[in-house]
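First comes the structure, then the notes that go with it.
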Amino acid sequence: MGTIFYFEWRRKKNDIFFHLFWPAVVSLVLFAACLLAGRIPAFSASRFRWPEPLRAFLCLNSWNSSLWVNVVQLFTLIYSFSLPYSVMRGVARSVSEEDYYETIVYLHNAGIKPKTIFTVKSLFWLGAALACCVLTATVQAVLTILAASASEAGAILIFYRNLFLLCVFYLPVALLPAAFSRKAGMAGSGIGSILLIPMLLSRLPQGLCSLAEALTLAQREGAIIGKLSQIGNRLEILSGISPLTWTWPAAEIHGLSIGCACLVCLVLACVSFMRYLHSAP
Amino acid sequence: MATNLLCACSHASAKKGKKIILTDISLDARKGQGIALISKDGSAACVLRLIAGLLTPFRGEISYPALSRKDRSDFPKKLQYVPDHIVQYYNLTAAEFLIGMSKKRSAWMEEANRLISLFEIPASRQLLNMTYEENRLVSIIQAMMADPALLLLDRPWHMLEPPARRVLAKELSELQDDGAGLILSSESYSDVRLPCSRYMFLQGGKIIADYARQELPVPAKVITLQGGSPPPMHAGETELLDQKGASLRFLYHSRNMQKLSYLIYKTKCQDFSVEELSMEEALFEDYDGWML
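Laid out in structure tokens, this is it:
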């Protein structure tokens, strides 16, 4: 166990440090930018609002009087894709590379069993996800307390807790193909597709409704506008299919969805584990 | 005798995917003994992987009597396998690789440090920035530092320069003297380079010949004559291989070189050459490469 962890840490620490610190650094830069913008009357937060169709489409909370809180909302949209993507790519590559580079021979020499390799690598990347969430949450919560209020900071902490749970869910999703095609692993584009396609599908109903709303706001008329809203409402069932969107600021999640996600996560984890052990030397 | 037996492989067959890659492999590896597995098609490497536990036999069985009885806690660390490729861990130095593999055991690290300085390995260099020879030596050091009871080496001399080969041969001999078993694979007999107690020749996943060291024949000399009269052929001593125009090629089975000199002198040839059959050619009477 120690050997795997040591190798993973030694080889990937630069990568981990990058994933750990870029959100914190970006947050600090954005915070400074918001402070500077706050001093310019033309950029005062009270002068702006989210366009309603955009707010609905991106599942944002209503416009906050603090510019920083609004910026954080946009940041969380990007980070809720970026972190699971990095963790999934990292764990898929990590699990399959021992076979790909034939270094599994050395681990075998050291008496390390495949189940240890699989478990430690999964835990390592889960730990990395936790560290990223904790650091970014701490930095952003502190900045939010400085810029807005403790209740807004609390909402940020809840977002990062959900984001970590999202990483826990997506980990077995990445492990499954890695366990099946041990030598090939999984390309970044494959992981991107797994994350993006359901997300786009889940936003389709709201997207159609938002489009109809935007057309109405633009004072366009016609049957097509009503039709768009109608189709959007009919496709409403799709809106919960991407767990990625569950962490978005104004997302409403049903308990049933969470239950199903937990079940899927458990099944995928078990299947990946069994498959990895089955194909192990 | 059973405790002397490190590995007993009995009629084992193995598959890779659906393809059968090894059929009916039987061998016994004992303490202090060396076994050479010789094949041109990679069958020898598959046998090593089978013994290392990286392939599972679907027929027959493999047991490790001495290892599992005495060193159960250390097994399979007592059995070390060195593949014939480099260590491909990126972003890892040789020193870090060996520290990780040793799990920070001081005795293993001391041995690793000794071998690193013996082979003059730049331990602080990244594994993938090393030369092929340095990287292969790191792989060998990884196995040797563990004080193995049975060491499996896949083409150990491959891509090593003569100085490193000499040092490695000495270290392997010392390891054998200390009681370790050694099984090494090679593409040809001449490439074994280490005296072994058994020589097994494999082809297509099967053992096609198995010789104890003392059973191996002395390969015959191949004599090529240009011009002159053909020498008399005597059964068991000289054997005509081919004749084309003024050129003639024959095998000389005897060790008596004086007699050979006289034989060549008597032919009154204009030119001649003396070469030797390889062990494989001698064993399998494969003379196709010597036809004129």
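Chains as they are written, first to last, in the working numbering: chain A, 1 to 281; chain B, 1 to 292. Cβ atoms here follow ideal geometry from the backbone N, Cα and C, with glycine treated the same way. Every value quoted in this text rests on a predicted model; they were computed, and no experiment measured them.
Item to check | Within-9 Å CB hit, TYR132(B) to chain A | outcome: No, TYR132(B) lies away from the interface with chain A (no Cβ there is under 9 Å from its Cβ).
Checklist entry - What's the C-alpha gap between PHE250(B) and GLY204(B)? => result Taking the straight line joining both Cα atoms gives about 31 Å.
Checklist entry - If you draw a straight line from the C-alpha of ALA131(A) to the C-alpha of LEU150(B), how long is it? => result Near 43 Å, if we compare the C-alpha coordinates of LEU150(B) and ALA131(A).
Item to check | Chain-order list of residues whose beta-carbon lies under 7 Å from that of PHE124(A) (same chain, five-residue window excluded) | outcome: The residues PHE5 and GLU8, in chain order, have a CB closer than 7 Å to that of PHE124(A) in the same chain once the five nearest residues on each side in sequence are set aside.
Item to check | Integer Cβ distance of GLU187(B) from ARG213(B), believed to fall under 8 Å | outcome: The beta-carbon separation of GLU187(B) and ARG213(B), rounded to 19 Å, does not stay under the 8 Å limit for a contact.
Item to check | Chain-ordered residues of the region 89-110 of chain B with a beta carbon less than 7 Å from chain A | outcome: Listed by position, the residues of the region 89-110 of chain B near chain A (Cβ gap below 7 Å) are TYR89, TYR90, ASN91, LEU92, GLU96, GLY100, MET101 and LYS103.
Next on the checklist: Am I right that LEU166(A) and SER80(A) are in contact with their C-beta atoms under 8 Å? What's the rounded C-beta distance?
Outcome noted: Right, the Cβ-Cβ distance comes to about 7 Å (below 8 Å), so this counts as a contact.
Checklist entry - Taking the DSSP output, what are the residues bridged to ALA42(A)? => result Under DSSP, ALA42(A) forms no beta bridge with any residue.
Next on the checklist: If contact is defined by three or more beta carbon pairs under 8 Å, each pair taking one atom from either stretch, is the region 260-275 of chain B in contact with the region 222-229 of chain B?
Outcome noted: The count of Cβ pairs closer than 8 Å, one atom from the region 222-229 of chain B and one from the region 260-275 of chain B, reaches three, so the stretches are in contact.
Next on the checklist: Do ALA44(B) and LEU292(B) count as a contact pair if the criterion is CB distance below 9 Å?
Outcome noted: No.
Checklist entry - What separation, rounded to the nearest whole angstrom, lies between the Cα atoms of MET1(B) and HIS158(B)? => result The predicted model places MET1(B) with a pLDDT of 48, which falls under 50 and marks its position as unreliable, so this point remains unresolved.
Next on the checklist: Within the continuous beta strand (DSSP E) that includes MET279(B), where are the two ends?
Outcome noted: Per DSSP, MET279(B) lies in no beta strand (DSSP E); the unbroken alpha helix (DSSP H) holding it starts and ends at 279-284.
Checklist entry - Considering only C-alpha positions, which residue in the set PRO198(A), ILE197(A), GLY232(A) and LEU200(A) is nearest to GLU213(A)? => result The shortest Cα separation from GLU213(A) among PRO198(A), ILE197(A), GLY232(A) and LEU200(A) belongs to GLY232(A).
Item to check | Touching by the beta-carbon criterion (3+ pairs, under 8 Å), the region 126-146 of chain B and the region 93-101 of chain B | outcome: Judged by Cβ distances under 8 Å, the region 126-146 of chain B makes contact with the region 93-101 of chain B, as three or more pairs qualify.
Next on the checklist: According to DSSP, is LEU244(A) part of a helix, a strand, or is it coil?
Outcome noted: LEU244(A) falls in the helix class under three-state DSSP.
Checklist entry - Mind pulling the chain A residues with CB within less than 8 Å of ALA212(B)? => result Neighbours of ALA212(B) in chain A, taken as residues whose beta carbon is under 8 Å from its own, are absent, since the nearest beta carbon is some 30 Å off.
Checklist entry - Given 8 Å as the limit, is there contact between the region 81-98 of chain B and the region 129-136 of chain B, that is, 3 or more CB pairs closer than that? => result A contact exists between the region 81-98 of chain B and the region 129-136 of chain B.
Checklist entry - Which full runs of the beta strand (DSSP E) of 3+ residues lie inside the region 104-188 of chain B, going along the chain? => result Inside the region 104-188 of chain B, DSSP marks whole beta strand (DSSP E) runs of 3 or more residues at positions 150-154 and 181-186, from first to last along the chain.
Next on the checklist: Quick check: VAL267(A) and LEU175(A), are their CB atoms within less than 9 Å of each other?
Outcome noted: No. Outside cutoff.
Checklist entry - So is HIS19(A) buried or exposed if we call it buried at 16+ other beta carbons inside 10 Å? => result Note on HIS19(A): 16 or more other CB atoms within 10 angstroms of its CB, so buried under the neighbour-count rule.
Item to check | First and last residue of the uninterrupted beta strand (DSSP E) at VAL274(B) | outcome: Segment 271-276, the beta strand (DSSP E) holding VAL274(B).
Item to check | Candidates CYS265(A), ASN14(A), CYS34(A) and GLY2(A): closest to ALA147(A) by CA position | outcome: ALA147(A) has its Cα closest to that of CYS34(A), out of CYS265(A), ASN14(A), CYS34(A) and GLY2(A).
Item to check | alpha helix (DSSP H) runs contained entirely in the region 218-280 of chain B, provided each spans 4 or more residues | outcome: The region 218-280 of chain B contains, as complete alpha helix (DSSP H) runs of 4+ residues, the segments 257-267 (chain order).
Item to check | Segments of 4+ residues assigned as alpha helix (DSSP H) that fall wholly inside the region 116-201 of chain A | outcome: The region 116-201 of chain A contains these whole alpha helix (DSSP H) runs: 150-180.
Checklist entry - So GLY60(B) and ALA12(B) are in contact, right, with Cβ under 8 Å, and what is the actual spacing, rounded? => result So it is a contact: roughly 4 Å between Cβ atoms.
Item to check | Coil, strand or helix - ALA32(A) by DSSP | outcome: The answer is helix: DSSP assigns ALA32(A) an H, G or I state.
Next on the checklist: Please state the DSSP three-state secondary structure of ALA251(A).
Outcome noted: Coil, per DSSP.
Checklist entry - Can the beta-carbon of THR144(A) be found less than 9 Å from the beta-carbon of TRP68(A)? => result Their beta carbons are under 9 Å apart, which means THR144(A) touches TRP68(A) by this criterion.
Next on the checklist: List, in chain order, every chain A residue whose beta-carbon is nearer than 8 Å to that of VAL87(B).
Outcome noted: Per Cβ cutoff of 8 Å: THR103 and TYR106.
Item to check | Span of the alpha helix (DSSP H) around GLU97(A) | outcome: Per DSSP, GLU97(A) belongs to the alpha helix (DSSP H) from 67-100.
Checklist entry - Under three-state DSSP, which class holds SER10(B)? => result In the structure shown, SER10(B) sits in a strand (DSSP, three-state: E or B).
Item to check | Of the listed residues LYS227(A), SER44(A), GLN73(A) and LEU157(A), nearest to LEU58(A) (C-alpha basis) | outcome: Selected option, being the one with the closest Cα: GLN73(A).
Checklist entry - beta strand (DSSP E) containing SER229(A): first to last residue? => result Counted as a single uninterrupted DSSP element, the stretch harbouring SER229(A) is not any beta strand (DSSP E) but the alpha helix (DSSP H) occupying residues 223-234.
Checklist entry - Could you check where the beta strand (DSSP E) with TYR106(A) kicks off and where it finishes? => result Where TYR106(A) is concerned, there is no enclosing beta strand (DSSP E), although the alpha helix (DSSP H) around it starts and stops at 104-109.
Next on the checklist: Report the CB separation of PHE169(A) from PRO243(A) in whole angstroms; it is logged as a contact under 8 Å.
Outcome noted: Confirmed, about 6 Å.
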